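In order, the protein sequence lines correspond to chains C and Z.
Those letters in the first sequence? Residues 1 to 318, per the UniProt record's numbering, in order.
Those letters in the second sequence? Residues 1 to 250, per the UniProt record's numbering, in order.
Contents: one structure, followed by commentary.
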Amino acid sequence: MSEREIKNLEEIFEARIARDEKIEPKDWMPEKYRQTHIRQMSQHAHSEIIGMLPEGNWITRAPSLRRKAALLAKVQDEAGHGLYLYSACETLGISRDELYEQLHSGKAKYSSIFNYPTITWADMGAIGWLVDGAAIINQVPLCNTSYGPYARAMVRVCKEESFHQRQGYEIMLTLCRGTEEQKAMAQDALNRWWWPSLMMLGPTDDQSVHTEQSMKWKLKRKSNDELRQQFIDQTAPQADVLGITIPDPDLKWNEETGHYDFGEIDWDEFWQVVKGHGPCNKERMKARVDAWENGEWVRDAAMAHAEKNEKRKIAKAS
Amino acid sequence: MKNNLYNYILTIADNSLILAQRLGELCGHGPTLETDIALTNISLDLLGQTRSYYQYAAKISGENKTEDDIAFLRIEREYKNCLLVEQPNTHFGFTIARQYLFDVYHLMLMEKLQQSPDETLAAIAKKGIKEVSYHKRFSSDWVKRLGDGTVESKEKMQEAIDALWRFTDELFFMTDAEKEMAKEGIGIDVSEFKSTYYEEVSEVLKEATLAVPESKYFTKGGKEGIHSEHMGYLLADLQYMQRTYPNMQW
Numbered sequence: 001m002s003e004r005e006i007k008n009l010e011e012i013f014e015a016r017i018a019r020d021e022k023i024e025p026k027d028w029m030p031e032k033y034r035q036t037h038i039r040q041m042s043q044h045a046h047s048e049i050i051g052m053l054p055e056g057n058w059i060t061r062a063p064s065l066r067r068k069a070a071l072l073a074k075v076q077d078e079a080g081h082g083l084y085l086y087s088a089c090e091t092l093g094i095s096r097d098e099l100y101e102q103l104h105s106g107k108a109k110y111s112s113i114f115n116y117p118t119i120t121w122a123d124m125g126a127i128g129w130l131v132d133g134a135a136i137i138n139q140v141p142l143c144n145t146s147y148g149p150y151a152r153a154m155v156r157v158c159k160e161e162s163f164h165q166r167q168g169y170e171i172m173l174t175l176c177r178g179t180e181e182q183k184a185m186a187q188d189a190l191n192r193w194w195w196p197s198l199m200m201l202g203p204t205d206d207q208s209v210h211t212e213q214s215m216k217w218k219l220k221r222k223s224n225d226e227l228r229q230q231f232i233d234q235t236a237p238q239a240d241v242l243g244i245t246i247p248d249p250d251l252k253w254n255e256e257t258g259h260y261d262f263g264e265i266d267w268d269e270f271w272q273v274v275k276g277h278g279p280c281n282k283e284r285m286k287a288r289v290d291a292w293e294n295g296e297w298v299r300d301a302a303m304a305h306a307e308k309n310e311k312r313k314i315a316k317a318s
Numbered sequence: 001m002k003n004n005l006y007n008y009i010l011t012i013a014d015n016s017l018i019l020a021q022r023l024g025e026l027c028g029h030g031p032t033l034e035t036d037i038a039l040t041n042i043s044l045d046l047l048g049q050t051r052s053y054y055q056y057a058a059k060i061s062g063e064n065k066t067e068d069d070i071a072f073l074r075i076e077r078e079y080k081n082c083l084l085v086e087q088p089n090t091h092f093g094f095t096i097a098r099q100y101l102f103d104v105y106h107l108m109l110m111e112k113l114q115q116s117p118d119e120t121l122a123a124i125a126k127k128g129i130k131e132v133s134y135h136k137r138f139s140s141d142w143v144k145r146l147g148d149g150t151v152e153s154k155e156k157m158q159e160a161i162d163a164l165w166r167f168t169d170e171l172f173f174m175t176d177a178e179k180e181m182a183k184e185g186i187g188i189d190v191s192e193f194k195s196t197y198y199e200e201v202s203e204v205l206k207e208a209t210l211a212v213p214e215s216k217y218f219t220k221g222g223k224e225g226i227h228s229e230h231m232g233y234l235l236a237d238l239q240y241m242q243r244t245y246p247n248m249q250w
């Protein structure tokens with residue numbers, strides 16, 4: 001293709017995005033659009049899969065049968081989200097095995113939040129309330145993103161995520177209405193998950209390298225800082241209802257702006273975690289790589305069995 | 001009579017809870033995303049069944065019990081699950097072998113139990129049948145895939161079948177509560193389908209190109225509360241929260 005032809009295609013492409021048309025797998029798209037989507041969608045898929053581990057950690061110890069069942073169902077939903085997102089990603093011409101390879105080699109990232117440990121039952125509440133809450137703020141705009149398969153996956157993901165968030169909040173509410181010990185457990189979980197949840201919305205706008213391009217492709221509608229503000233405005237009153245305190249002495253309602261003011265995020269911690277040195281980065285990766293490696297003989301068996309069946313079918317037909 | 005019925009329900013429900021607990025340990029660690037989803041799904045089904053049984057048992061206990069009291073406040077000696085379901089995951093072959101050996105029995109039991117004159121038990125069984133037939137399809141398919149897959153997978157599947165075989169006979173052992181309930185026509189005489197069970201299992205093992213174990217040495221005790229050493233650890237995990245923070249709402 002000549003440069004002029006490519007330029008022409010690019011113009012048609014940009015015009016389609018401007019008209020809010022969905023881009024579908026067989027449509028022409030700029031290579032950078034494809035790559036950016038592979039990066040973001042796979043990162044999203046990986047986050048769902050790694051995200052099963054901190055919550056999976058409490059399945060065997062959930063305090064009631066009802067909570068155990070809800071937690072199992074939630075983790076199962078997450079595996080399902082991972083599955084849709086990998087499938088959506090595969091429409092861009094990359095295989096799931098390649099995506100796993102990127103995850104296991106550390107080339108691809110996943111959400112920094114899952115590098116924090118779940119050390120009490122209340123963490124199941126805090127994760128649902130705060131982590132899924134922040135995820136929803138990030139993800140709802142994606143239901144209208146320009147790449148069709150991603151947008152459609154997000155519609156289903158968002159429905160289930162908001163259900164999980166309510167469930168998480170309900171866990172917190174039960175703890176906060178419970179005994180002193182339970183309330184202290186809830187407060188402690190909020191203390192530990194608050195700042196990492198704010199970090200989920202990404203670096204500040206002046207530090208965010210992908211924002212401008214993502215806005216153009218409607219992968220993003222609002223900046224990281226706007227989304228973070230939205231999350232804080234929505235969450236602070238919920239903490240009041242629970243009767244527990246957000247661990248930020250600078251958090252205060254601002255009459256003038258109509259928003260909450262809040263304190264400085266520890267960005268050194270954020271970058272440390274993103275670069276692989278958070279509290280559980282090593283454990284999470286090890287668990288995934290071990291699952292993959294220990295499962296190799298199982299996947300090989302499934303392939304070998306399928307091939308044998310295929311041969312038997314052919315032999316029978318002839 | 002009530003006491004027998006109560007104990008009878010537990011002999012069925014404890015199997016589901018303990019197996020659900022074992023499967024729950026695997027979450028996020030499976031060989032593929034699809035098997036992870038399937039195993040959590042099975043775990044969730046079994047837990048759902050457990051809750052229905054325990055709620056019923058709690059009601060007839062006449063002691064103001066809840067499903068959670070039954071799950072979290074009984075000691076190891078009071079648990080009536082068979083030894084098979086408490087066996088560790090070891091590797092995927094063990095998980096599949098344990099599941100398959102249990103599913104065949106479980107489906108046979110549900111099919112009988114749905115005809116029980118006890119309406120609650122019959123209703124739980126009726127709902128459970130759909131789930132358990134799905135479980136059996138999953139586990140028997142995997143027995144075949146692993147058995148008739150690669151040289152390595154065949155070895156591993158055979159290893160698991162051979163190791164777990166000694167727990168199969170217990171499935172057909174009848175405790176006093178079971179015998180009483182069977183005599184009253186409410187419970188199921190599981191010994192009746194023992195030979196059908198071995199026939200079906202042997203057929204699938206053969207199809208999976210695996211050897212049917214010849215060993216006639218079996219182990220039992222779980223149904224009477226005499227468990228393997230694995231059980232204490234399993235309950236320590238299961239009951240940790242309720243033991244540490246008693247009498248609270250979660």
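Heads up, the beta-carbon is just placed ideally off N, CA and C, and yes, glycines get one too.
Keep in mind that this is a model prediction, so the values were computed, not measured.
Chain-order list of residues whose beta-carbon lies under 6 Å from that of residue i (same chain, five-residue window excluded)
i: Z:Ala-122; result: Gln-114 and Ser-116
i: C:Ile-232; result: Tyr-260 and Phe-262
Opposing strand residues paired with residue i [DSSP bridges]
i: C:Ile-23; result: C:Tyr-147
i: Z:Asp-189; result: Answer by DSSP bridge pairing: none, since Z:Asp-189 is not bridged.
i: C:Ala-104; result: A quick correction: the sequence has His, not Ala, at residue 104 of chain C. Per DSSP, none; premise fails for C:His-104.
i: C:Tyr-86; result: Looking at the DSSP assignment, C:Tyr-86 forms no beta bridge with any residue, so it has no partner.
i: C:Tyr-260; result: C:Trp-253
CA nearest to the CA of residue i, picked from the options
i: Z:Arg-22; options: Z:Gly-62, Z:Gly-149 and Z:Pro-88; result: Z:Pro-88
i: C:Lys-74; options: C:Leu-142, C:Ile-59, C:Ala-18 and C:Pro-249; result: C:Ile-59
i: Z:Arg-77; options: Z:Ser-228, Z:Asp-237, Z:Gln-249 and Z:Met-241; result: Z:Ser-228
i: C:Ile-119; options: C:Glu-11, C:Ala-62 and C:His-277; result: C:Ala-62
i: C:Thr-235; options: C:Glu-101, C:Gly-295, C:Ile-127 and C:Glu-78; result: C:Ile-127
i: C:Ala-15; options: C:Met-303, C:Trp-217, C:Pro-279 and C:Asp-240; result: C:Trp-217
i: Z:Gly-24; options: C:Leu-175, C:Arg-152, C:Met-52 and C:Asp-206; result: C:Met-52
i: Z:Lys-220; options: Z:Lys-126, Z:Tyr-233, Z:Ala-177 and Z:Leu-171; result: Z:Leu-171
i: C:Met-185; options: C:Arg-299, C:Gly-243 and C:Lys-252; result: C:Gly-243
i: C:Ser-146; options: C:Val-298, C:His-305, C:Tyr-33 and C:Ile-314; result: C:Tyr-33
i: C:Pro-279; options: C:Pro-117, C:Lys-109, C:Leu-71 and C:Asn-8; result: C:Pro-117
Helix, strand or coil at residue i according to DSSP, with G and I counted as helix
i: C:Trp-252; result: Per the sequence shown, residue 252 of chain C should be read as Lys rather than Trp. Three-state result, C:Lys-252: strand.
i: Z:Asp-118; result: coil
i: Z:His-91; result: coil
i: C:Ile-49; result: helix
i: C:Ser-111; result: coil
i: C:Thr-211; result: helix
i: Z:His-227; result: coil
i: Z:Phe-72; result: helix
i: C:His-44; result: helix
i: C:Arg-4; result: helix
i: C:Ser-64; result: coil
i: Z:Met-248; result: coil
i: Z:Leu-64; result: Reading off the sequence, residue 64 of chain Z comes out as Asn, not Leu. Looking at Z:Asn-64 - three-state DSSP - the assignment turns out to be coil, as it is neither helix nor strand.
CB contact check: residue i to chain C, cutoff 7 Å
i: Z:Ser-153; result: yes
i: Z:Trp-165; result: no
i: Z:Asp-45; result: no
i: Z:Gln-21; result: yes
i: Z:Phe-138; result: no
i: Z:Thr-92; result: The amino acid occupying residue 92 of chain Z in the given sequence is Phe; Thr does not appear at that position. Taking Cβ atoms only, chain C reaches closer than 7 Å to Z:Phe-92, which makes this a yes.
i: Z:Leu-146; result: yes
i: Z:Glu-25; result: yes
i: Z:Arg-98; result: no
i: Z:Arg-243; result: no
i: Z:Tyr-105; result: no
i: Z:Asp-68; result: yes
C-beta neighbour in chain Z for residue i, strict 7 Å
i: C:His-46; result: no
i: C:Ile-59; result: yes
i: C:Met-52; result: yes
i: C:Ala-236; result: no
i: C:Ala-79; result: yes
i: C:Ser-87; result: no
i: C:Asp-300; result: yes
i: C:Thr-179; result: yes
Contacts around residue i, its chain only, beta-carbon distance under 7 Å, and the 5 residues preceding and following it disregarded
i: C:Arg-96; result: Tyr-86 and Glu-90
i: C:Glu-10; result: Pro-30
i: C:Val-140; result: Cys-158
i: C:Asp-132; result: Glu-161, His-164, Gln-165 and Gly-168
Nonlocal neighbours in the same chain, by C-beta distance under 8 Å from residue i, ignoring five residues either side
i: Z:Glu-200; result: Val-104
i: C:Trp-194; result: Leu-130, Ile-246, Pro-247 and Asp-248
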